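When we follow the UniProt record's numbering, the leftmost residue of the sequence shown carries the number 1, and every step to the right adds one.
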Amino acid sequence: MDDRKRGGTDDLATLSELNEEIILHELRARYSQDVIYTYVGDILIALNPFKPLEIYHKSTAETYKMAQKSSQPPHIFAIANSAYQAMLGVGGASPNSQCCVISGESGAGKTESAKLLISQLVELSRGTSQLEQQILQVNPLLEAFGNAQTLMNDNSSRFGKYIQLKFQQGMVIGAKISEYLLEKSRVVRQSRGEENFHIFYYLFAGLSADEHSKYGLTRPDKYRYLCDGTASLKKVKKNKMMFNELLNAMDMVGFLDEEQEDLFTVLGGVLNMGNIAFEMDENEGAIVKDAHGPLKMAAFRAFALLIPRQKLLGVDTEKLAEVLTSTSTTTRGSVIKRRLKDHQAMDVRDATSKAMYGRLFGWIVNKVNQLLAPPLASRGEEVTEIGILDIFGFEHFEKNSFEQACINLANEQLQFFFNQHIFLWEQEEYKKEGIDWTSVTFADNKPVLAKFKSWHILNPRLALVLFGMMQISLDLFLNKPIGVLALLDEESHFPQSTDHSFVEKLRQNCGKSNVFIKSRQSNTNLFGICHYAGKVEYDATGFLEKNRDTLPPGVMNMLRRSDNSLITTIFSGTVTRTGTLALQGRVSKGNVVRRTKRLSKARQGMPATKKPTVGAQFKTSLGILMERMTAASPHFIRCIKPNHDKISDSFDLKYVREQLAYTGVLETTRIRREGFALRISFADFIDRYKLVLYTTNLPKTESNCRQILKKSNLHGWQIGQTKVFLKYWHADKLADQLLKAQEAVITIQKVVRGFVARRKYKRLREEAMMNSRKTATLLQLSITCGNKLYHKQEELMQQDNKEKEEILRKRTMNYIALNFPPPPPEEDEDYFPPPPPDALGLPPKQSHGSLDEIEIDDEFLTEDMEDEEDVFIGQPHPIKGAFGGVVNKAAYVPHILSTGAVQWFQETQAPKGVVQDESGGFSVWFHGIISRRESERLLSNKPVGCFLIRVSESRFGYTLSYRVKSRCKHYMIDQTRSGKFLIVGMQRVYKSLKEMVNIHKREPINSEGDVLIEPCGQESEEEADYVELINVLEEKKYVALRDVNRNKNNNNDDDDAPPPLPPKSPKSPKPKEETLPPPIPARNYQVRSGEPASRISLPLRYERRNPRDSCCRESCQEVWPLHASRTFASLATRNLGFRLGS
């Protein structure tokens, strides 16, 4: 079969013929077609393409969201989706924490795979937008400080990390990072052809000339710690771009500008520390070279001059020189000072530099964990997690040292975990359950682990049980034969031990093992180990020093008293038993127990210091890592490096065959095809899939399990004594059956619920219509009676006027008859005061007040008056407690300002001039607190690209609104912890809103190519919509001044009242000034005590309309109290069936 006919198999476990050549050529054929992912059952094989591929777009990610694994081609996104669904319990599985184990050689693509996994998991979670972007920006941040270029990989991880994504109800709520064994020795020296950590080269390319001077930097080729500094000069453009991405990542994650400055200061101090040179004086003691020495001495002179001025390390120059060239010991109250040799001073210098960088890296990880920690509200609630392990790959260099030994040990541990999970555990369970199974052979790496970790396997079954418990390695197995790390720790505690004595002990104790290789030359420090990936020869030179990792007390005390706050912080922290930095001074409980534990007799001759060595810390951290992974359900990704040269479209058959051999891909393919990947107990199987039989009450027996399997039309399954054994592809088939049953149940529920809802709706509609008819009848009767009473009252008033005129006429006639002189003219002669309300049996007339006193019910608000949340383009993400939180708003009506938003703007934005232009006024694109609808109205007649930035109504933040061809788009704008700005859902961070506007006038905002062209100004310069934002503080000042003056003068005069404020500009044109309608009087139909029942007070009921409606205002100028007769009351009671009341 040629390559053109190969490459069509997505799952190698489905191949009819299995051997190494078929699998190898199948992978090569797929690789030649740029198909880099292949399944082996539920395990993913990923080949590094060494070139960008168009398979990671957002559209591709969408196709894998919540999709079944078998419905799409193999992809890293499918593994992320499988882990996410398994965590949620989709498809009948029990919800459980998951972990993704990525393994492979250095340069095989593990780091990129981890980033893609995290990206897809964050996309699936639909969590807080800013938190999602923070998590995504953690990787470039840690890569800058923890990755370097090696011979095998241009972006090699020089540390291991386990990222735990925390979920609650399917949403990501935080993250935690655990780091393992940073290669600190790379700071002070690198092998030929390799580089230091990326961050040093980023600094030289990204910082300005003034910043170079500020941090004491010159040229990269002038520093001893950058052995290949000239290489960075060839990548200035790329390094500058990476430096800008780093700054953006730090801003996004939440590092303050002051913290970033302190961080770069420490890095500058580390580089300058490496240029300190030493020489011997006449007393055979080390001293710092004077100013007349060679070039290295001149670099130190510059460093010495920079220290007091720039405060790189924040310590005194003389004190620094003293602690580097001498050591002090306190004995019985006396201080003994001992001079160091020049090579010893260099070791102290390098150890100090390594300690500074190592603790700085620990501080970064600690800071990230603080910023990404789940909220306090989530404590105590059920939180699940998905862990992603991105750890250093197997390494075999020309010279392999202590770091390579630890790295390869970690890979041995991962391979052992893989073997146990895939092979031994399954076979043991098959035998226990009585399942017919043919054993599969595989390469077992237990002897290597035993040599490294002092494990002695007496009984394979016992070993598997103990491995499942995952306790500390030395407590689980016998301590014979002594392992490499145990011997290394023992030698490290003896001051007189050497690297050669350590190698001699290895030969004595491990020489008989078939995995230990003795060097042919007995006087060398070389030894070899047969790893699962091949033989590796190690050079033990420097093993003891790197394992001890100690600093002289004088150096520690000096740095703890540094003027640089960051250096003081990182050297005041505590290193835990796993090697991490605890800045809060917390130590683990286990460490405290070991401190108080009495030494055994065999160890009493050793020094009292029990500081954990690097090897012990690494071994402990690996044990904890394995505990976490064992407690979760694993998903394996095996990364394969196709060639040594790191070039695309090159497939080295021999090299790939070696990787397939030691990673056990052939055995994995066979066991996944012939074995049973799923083993579910009867009870769990019934609980998961009982709906397939359309029943919810099913006994948990073997026979019912068989019924479910037969109903699903599956084949190849087996029933054990307590469990159901299924193939890996059975899960998808059962999920399909379960989905069909659920759809049927949902359909039935839909029909029943629709019937019930329609019946309820019909009943409520009939009741509403009946009440409507009754209400209409009541209103008609009240109108009729009111008209009659009104006409009757008019008749009475006319009669009263006639009687008044008659009385006046008679009085006038009598006066004329008496011949009295005419009285002087009086004003208002026709005025006749009406009788008081009490005389007419009416309630006293009340003041209607002003419009501000009217309480408007929510039920009368129209659609135009309803509050509406801002909307924006992109994925919807709920906001939890971030800067864009919800404003505390009372129920408000249109055009009433949110006090919380105004206070937020006045206290946090206005003092910084966030929205001001160069002249000090508001920028032309800035608008106040206006709604989305109002912003769309302003942009409706504007050209495409017209934009504005407004203060959000319902959150503490801004909203960018701009016009496109057929509509308007809206983007939320939030602020980072450092006060910088970001568009929600995007990765870029801006120093200011002005910078955001200027950038997106040149660059598109999104993938659609939208750019900002023309700002949308105010409709009227005299009535700007941001007047409210600048008047609030003035109001507070006036009120405070008035209160002070009143208290001071102790009087109630209003003479000291402040002058009136200028009127606030409304958000819409004001209506014409007209008489405002009175409020609706409270209805009261009860008969007052002491009043005849035939007379009740009945206010005229009118329909409430929009106050802006002129006809409504004219028709509701007054409300006349009318008198209804007993006839009306009895008529309403008789016809409507209820008594009038309040």
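The beta-carbon is built from N, C-alpha and C at its ideal position, and this holds for glycine as well. Every value quoted in this text rests on a predicted model; they were computed, and no experiment measured them.
Residue burial classification, residue i (beta-carbon count within 10 angstroms, cutoff 16)
i: N514; result: exposed
i: T695; result: exposed
i: Q68; result: buried
i: V914; result: buried
i: L263; result: buried
i: M813; result: exposed
i: L343; result: Sequence inspection shows His at residue 343; the Leu mentioned does not correspond to that position. Burial call: exposed.
i: P140; result: buried
i: E62; result: exposed
i: L796; result: exposed
i: G957; result: buried
i: Y223; result: buried
i: K710; result: exposed
i: Q496; result: exposed
i: D281; result: exposed
i: Y771; result: Looking at the sequence provided, one finds Asn at residue 771 rather than Tyr. So N771 counts as exposed.
i: M66; result: exposed
i: H57; result: exposed
i: F676; result: buried
Rounded C-alpha distance that separates residue i from residue j
i: K166; j: G91; result: 21 Å
i: L1029; j: G1017; result: 17 Å
i: L320; j: G393; result: 38 Å
i: V323; j: V555; result: 6 Å
i: I708; j: V692; result: 6 Å
i: E20; j: S992; result: 59 Å
i: H75; j: D390; result: 18 Å
i: R753; j: S703; result: 35 Å
i: F981; j: Y532; result: 50 Å
i: E1014; j: N998; result: 11 Å
i: E195; j: S156; result: 11 Å
i: N96; j: F77; result: 19 Å
i: H635; j: K354; result: 36 Å
i: H730; j: F423; result: 19 Å
i: H970; j: R933; result: 11 Å
i: K341; j: G483; result: 34 Å
i: M356; j: Y202; result: 19 Å
i: S562; j: T265; result: 13 Å
i: E132; j: L551; result: 39 Å
i: R586; j: G945; result: Its pLDDT being 41, under 50, R586 is placed unreliably in this model, and the coordinates cannot settle the point.
i: A277; j: V288; result: 6 Å
i: Y790; j: L779; result: 16 Å
i: K1001; j: L247; result: 22 Å
Residue i, enclosing alpha helix (DSSP H) - first and last residue
i: T899; result: 899-904
i: residue 1149; result: Any question about residue 1149 goes unanswered here, given that the chain covers just 1 to 1142.
i: S565; result: 565-572
i: I407; result: 402-419
Bridge partner(s) assigned by DSSP for residue i
i: E1014; result: C946
i: F167; result: V172, T384
i: I517; result: G528
i: K337; result: S328
i: M280; result: A286
Delimiting residues of the beta strand (DSSP E) encompassing residue i
i: A46; result: 43-47
i: D974; result: 968-975
i: G269; result: Not the beta strand (DSSP E): G269 falls in the alpha helix (DSSP H), residues 257-273.
i: K980; result: No beta strand (DSSP E) holds K980; DSSP gives it neither H nor E.
Closer than 7 Å: residue i CB and nearest the ligand ZN heavy atom
i: I118; result: What this structure holds is no ligand at all, so the ligand ZN is not there to describe.
Inset, instruction - Could I get the ranges of all uninterrupted beta strand (DSSP E) runs contained in the region 719-800, with 3 residues as the minimum, in chain order? - result: Within the region 719-800, complete beta strand (DSSP E) segments of at least 3 residues are found at 723-726, given in chain order.
Legend entry - Continuous alpha helix (DSSP H) assignments of at least 4 residues falling wholly in the region 617-667: Every unbroken stretch of the alpha helix (DSSP H) spanning 4 or more residues and falling wholly within the region 617-667 is given here in chain order: 653-662.
Legend entry - Within the region 125-164, ranges of the alpha helix (DSSP H) (whole runs, at least 4 residues): Every alpha helix (DSSP H) stretch that sits fully inside the region 125-164 and reaches 4 residues is listed by chain position as 129-146.
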